[in-house]
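Per my numbering, the sequence shown runs over residues 742 to 972. Don't be surprised by glycine CBs; every beta carbon is placed ideally from N, CA and C.
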Amino acid sequence: MIEYYILIGAIALVSWLVSNQLKQKFKKYSKVHLRNGMSGKEIAEKMLSDNGIYDVEVISTPGQLTDHYNPKNKTVNLSESVYSQRNAAAAAVAAHECGHAVQHAQAYSALQMRSALVPVVSVTSGMSQWLVFGGLVLGAAAGVGMGFWIAVLGLIFMGAATLFSFITLPVEYDASNRALAWLKNKNMLSQQEYAGAEDALKWAARTYLVAAIGALASLLYWALQIFGGRD
């Protein structure tokens with residue numbers, strides 16, 4: 742069990758380092774003001790318009806780094822630090838979230854897969870570790886009885902969450918690529934502004950990569966605990 746805590750601790754440390762670096766990058770590029778004077782809201786609305794999307798609303802949402810696209814009500818939700826700000830970081834985030842709106846409009850397959858998994862993962866993710874723990878306590882390590890199958894069910898639920906994390910990767914990277922391509926092709930940013938936007942989005946993507954690797958490592962660890970104890 743000590744190995745699990747070491748694994749979780751290491752993953753948490755890397756996650757914290759990446760998250761902290763991301764915050765520092767956004768703080769840095771928030772000081773790079775746009776020559777075109779456009780706010781995050783205006784950037785988002787223009788990207789949507791340029792992609793022929795007129796049924797998506799750009800709204801402000803409370804918090805920091807809470808930006809997201811909601812496919813259910815077709816809204817691009819920009820945090821307060823992005824919605825009204827006129828800097829490279831705001832432009833990067835606004836364009837990235839619009840990248841998800843473009844994915845939705847074009848029925849991007851990875852986004853559809855992720856959306857299909859949302860209701861499943863929302864139910865199973867909170868139960869998976871409890872089922873694994875309970876199964877091990879009931880004798881899963883020996884590979885006998887109901888405990889083993891309870892643990893296997895928990896592992897399947899954990900696998901769904903891991904799959905969700907990995908499907909998220911191409912969705913996020915593609916949204917960033919769409920955002921950067923649009924910013925560049927439409928000459929929305931100067932060279933310095935574009936470099937800042939690109940760097941910020943790279944660090945944002947790394948948070949998803951760390952999460953996916955952490956989910957896989959945890960899945961493999963518990964699979965070893967469940968199946969490794971069988972004769």
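For residue i, three-class secondary structure by DSSP
i, result
"Thr903", "helix"
"Gly969", "coil"
"Gln847", "coil"
"Gln805", "coil"
"Met779", "coil"
"Gly793", "coil"
"Ser959", "helix"
For residue i, the residue or residues it bridges with in DSSP
i, result
"Tyr799", "Sequence check: residue 799 is Val here, not Tyr. DSSP output for Val799 lists Val817 as bridge partner(s)."
"His774", "Asn828"
Alpha helix (DSSP H) segment containing residue i, residue limits
i, result
"Asn761", "743 to 770"
Boundaries of the beta strand (DSSP E) in which residue i is found, first to last residue
i, result
"His809", "809 to 811"
Exposed unless 16 or more other CB atoms sit within 10 angstroms - verdict on residue i
i, result
"Asn726", "The chain is shown from 742 up to 972; residue 726 falls before or after that span and cannot be answered."
"Ile800", "exposed"
"Ala842", "buried"
"Asp808", "buried"
"Gln966", "buried"
"Arg855", "buried"
"Leu961", "exposed"
"His837", "buried"
"Asn814", "exposed"
"Glu744", "exposed"
"Met887", "exposed"
"Leu746", "Reading off the sequence, residue 746 comes out as Tyr, not Leu. It is exposed - the Cβ of Tyr746 has fewer than 16 other Cβ atoms within 10 Å."
"Gly750", "exposed"
"Asp972", "Because Asp972 carries a pLDDT of 49, less than 50, the predicted location of this residue cannot be relied on, and no value is offered for it."
"Gly988", "Here the chain has residues from 742 to 972 only, and residue 988 is not among them."
"Val759", "buried"
"Tyr810", "buried"
"Gln826", "buried"
"Gly778", "exposed"
"Ser863", "exposed"
My parser needs the alpha helix (DSSP H) runs of 4 or more residues fully inside the region 876 to 950; what are they?
Taking 4 residues as the minimum length, the alpha helix (DSSP H) runs contained wholly in the region 876 to 950 are 886 to 926, in order along the chain.
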